[in-house]
Amino acid sequence: MSLTAKIGFEVIKAIANKAIDKTIDHVLKDNKTELKAILKNLPELFETHLIELINWSAETPFMDLHAHQNIELTTVELSISPAIQRYEKMWSTEEISENDLLKLNKNILLLGHPGAGKTTTVKRLILNYFLDGYQNVEYDFPILLKFRKFKVGSTVSTSLLDLFGIPYQSRIVKVESSDNRGNITMSERSIIHVGDVPIDIFVAKFLNETKAILILDGLDEAPQENQDNILEEVESLGLKLLTGKIILTVRKSKLSSTGLGFTKFEITPLDEKRIKSIAKSWLGSSKGFYDALKNKPYRDLASRPIFLTLLLILYKLNNKNLPYQSYEVYRDATYLILKDWDEHRRIQRKSAYAEFNARKKLKFLYELSFNLTYRVKKTIFSTAILREVYQNIYSSYNLPKDEIDDVISEIQSHNGIISISGYDSCEFSHLSIQEYLCAEHIITLPFSASIIAYFYQYPEPLAIAITLSGDPGSWFANLLLNKNLNIGDMDRQENGVNYDNSIFTLLSRLVIETPIFKCSEELGMAMLYLLFISYTSINLIDIIDQLLRFPNVFISLNMASKKFSLWRDDKEYMYFKRTAVFTGSYFLEIPLEGKISKQSLSMGSINFSVINDIFKFEYIRERA
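Counting with the UniProt record's numbering, you get residues 1 to 624 for the letters of the sequence shown.
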């Protein structure tokens, strides 16, 4: 029985009708006549949206080779806790339930690392609402907007109105403003209206009157140039809500550290009980899998749902053997899917694409992902865009130009790498997989000035590329310190995206990907450079602290520090100058001098106290 049938169309109709009545009686009542023309379409649009919500929430297409997984049967309720800032003088072990997220009369910002289960939690929230929650919460109408579907320039308000066929138009209005001296000036501004009402007022009234829960999934997946404007819009909208509410999900990043005024919750790592419960739902028994997992050096990866799912697939299909490093999970899983593409489905294909072996298919998808990520800059793409990208890459794989439709059809129909997400639109099943595939292509390219654009547009694949490279430390140092790239110029901005945002995103993802570094002066110089710039952002201290825990990173820092000496200090900073020549084989721009904040070091962990020994800070403090 489908979930829609299980819930019952009468329930769906009742929820839709209640929202429609409120919209007609309180939102559209005093508006212009042209808005009343949409009334006949509202029942169908509202009901269709609710049905789409239920169907989308019922299954996950992740990396399963045969059928989508049932959300109810193969997932568990994740641990969700209040998000506590690192430097606050408090800590909370409080845990809230999914139902609490529905019931709380607050706007909510739900945080999580890549693959932590944010979208899965959203799906479970929606299912819980329809199955038994709609009668027990104060909110009457669930609405979902996925930021992956947003185009450049899209807003939450216009997307919401488009969803329900409500027309809007831009109007030129005169705005009065005054300067510090009290001089009044008039200017013209274009403001979107719905009938006679400004769009922000209309949308807030619509959400309040229908008592809506507006779920906004994946802010970090919106076009990067939109994100700041969307944040402002969501914050402004949230302040106008009294009987409606917003649940916004976003990766832990610079975006999640903004004020916003929402109550923050974070999806915390899976504990042993949850890991075993998920494994049991997949395998029937969790014992064999968990016994194998606990003896592996990457066992902590299972605390992230995305990795646990990959591991379970590999365990099922790989003779109960598990891979070794995080990128191996990506690599082995995608290879298995492509190998299984034909064998498990028993599909006989005549296209040239079907003649690829698994490795060649992977290379094709590496380049496809790279082009979609950095050239086309899309995570959701149409068949037309796929054709456009295919035209640029087909000749590299000896694919015939006239079989574009066959190749695209095969890509679209594949159930693990790319899936159909809507009418004439496709997407990678998980953003993390797209990022990995893109990173695999990056490490095959020359180290060129184009990498500057990648750093500012989308740093995450670069973090994975560092991990995949033959020498992560040298790759990392080259990225930060290569004199020809000059990425370390902190005053640089690219398309409005500043250096702080990109370096924070890069380092945060690098910590998650767990690269294996070798001891090298190059790596040490990169870490020293990060210490020198850490005074510009307190967020960097935590990331540097975590990087220093990786094997060989601290030793490399120690090696690099021997080429510097203290030349001045005051109450706030210690100043260093380079006193020896760096003779590495890479074209690195090694800092001639730098300063480290004493306050920053005092906020760090044991790693930072050991740094004091490197630079003899104890002696410095005595002098101070």
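All C-beta atoms, glycine included, are put in the ideal place defined by N, C-alpha and C.
Using three-state DSSP, classify residue i as helix, strand or coil.
i           : result
Pro-461     : helix
Glu-176     : strand
Phe-564     : strand
Gly-594     : strand
Asn-70      : strand
Thr-119     : helix
Ser-187     : strand
Arg-549     : coil
Pro-223     : coil
Gly-112     : strand
Tyr-335     : helix
Ala-212     : strand
Ser-432     : helix
Ser-450     : helix
Ile-15      : helix
Phe-576     : strand
Ser-159     : helix
residue 658 : Since the first residue shown for the chain is 1 and the last is 624, residue 658 is missing from the structure and cannot be characterised.
Glu-59      : strand
Arg-349     : Reliability of the predicted coordinates at Arg-349 is poor, the pLDDT of 37 falling under 50, and the value obtained from them is presented with this limitation in mind. Arg-349: coil per DSSP, three-state reduction.
Phe-617     : Per-residue confidence for Phe-617 stands at a pLDDT of 44, beneath the threshold of 50, marking its modelled position as unreliable; the derived number appears in the next sentence. Residue state, collapsed to three classes: helix.
Ser-469     : coil
Gln-135     : coil
Ile-192     : strand
Asp-569     : strand
Ser-170     : strand
Figure out for me which residue from the options has the closest Cα to the Cα of residue i.
i       : options                               : result
Leu-157 : Glu-138, Ile-215 and Leu-131          : At residue 157 the sequence reads Ser, which differs from the Leu that was named. Nearest option by C-alpha distance: Ile-215.
Lys-240 : Lys-40, Gly-261 and Arg-251           : Gly-261
Phe-532 : Leu-480, Thr-505 and Pro-515          : Leu-480
Tyr-535 : Glu-572, Pro-400 and Ser-502          : Glu-572
Pro-82  : Asn-486, Glu-388, Glu-98 and Asp-228  : Glu-98
Leu-78  : Arg-274, Cys-438 and Thr-505          : Arg-274
Asn-136 : Val-553, Asp-100 and Pro-43           : Asp-100
Ser-597 : Asp-569, Lys-22 and Asn-107           : Asp-569
Lys-363 : Leu-163, Leu-445, Gly-584 and Leu-53  : Leu-445
Thr-23  : Leu-528, Phe-147 and Ala-204          : Ala-204
Ile-184 : Ile-191, Lys-360, Val-175 and Ser-190 : Val-175
Ser-425 : Phe-307, Phe-150, Phe-265 and Arg-181 : Phe-150
Leu-160 : Gln-169, Val-173 and Ile-143          : Ile-143
Let me confirm a value: residue i is counted as buried when at least 16 other C-beta atoms fall within 10 Å, else exposed. Which label applies?
i       : result
Glu-221 : buried
Thr-379 : buried
Met-574 : buried
Met-186 : exposed
Ser-177 : exposed
Lys-118 : buried
Trp-567 : exposed
Phe-9   : exposed
Val-250 : buried
Ile-606 : For Ile-606, the pLDDT reaches just 43, beneath the cut-off of 50, and the residue's location in the model is therefore unreliable, although a value from the coordinates is still provided. With fewer than 16 other Cβ atoms within 10 Å, it is exposed.
Glu-44  : exposed
Pro-551 : exposed
Gly-165 : exposed
Pro-167 : exposed
Ser-57  : buried
Ile-512 : buried
With a cut-off of 8 Å on the beta carbons, I'd call residue i and residue j a contact; round off their distance for me.
i       : j       : result
Gly-115 : Pro-305 : 6 Å
Tyr-209 : Val-152 : The amino acid at residue 209 is misidentified as Tyr; the sequence shows Glu. Not confirmed; about 31 Å, so no contact.
Phe-582 : Phe-564 : Not confirmed; about 10 Å, so no contact.
Leu-110 : Thr-121 : 7 Å
Pro-461 : Ile-433 : The pair is not a contact, with the Cβ atoms about 11 Å apart (cut-off 8 Å).
Glu-521 : Ser-556 : 7 Å
Pro-472 : Ile-516 : 7 Å
Lys-123 : Ile-71  : 5 Å
Considering just the uninterrupted stretch of the alpha helix (DSSP H) at residue i, what are its terminal residues?
i           : result
Ser-154     : Unbroken run through Ser-154: none, as it is neither H nor E.
Leu-317     : 305 to 317
Ser-474     : 472 to 481
Lys-264     : Per DSSP, Lys-264 belongs to no alpha helix (DSSP H); it is in the beta strand (DSSP E), 263 to 267.
residue 625 : Because the chain is modelled from 1 through 624, residue 625 falls outside the range shown and cannot be assessed.
Glu-589     : Taken as a continuous stretch (DSSP letters only), Glu-589 belongs to no alpha helix (DSSP H), as it is neither H nor E.
Gly-524     : 521 to 533
Tyr-290     : 287 to 293
On the DSSP letters alone, give me the boundaries of the beta strand (DSSP E) that residue i sits inside.
i       : result
Phe-427 : The displayed chain sequence assigns Glu, not Phe, to residue 427. Looking at the DSSP string, the run of the beta strand (DSSP E) that includes Glu-427 is 425 to 428.
Ser-81  : 80 to 82
Ser-281 : Ser-281 -> not in any beta strand (DSSP E); alpha helix (DSSP H) instead, spanning 272 to 283.
Pro-142 : 141 to 146
Ile-247 : 245 to 251
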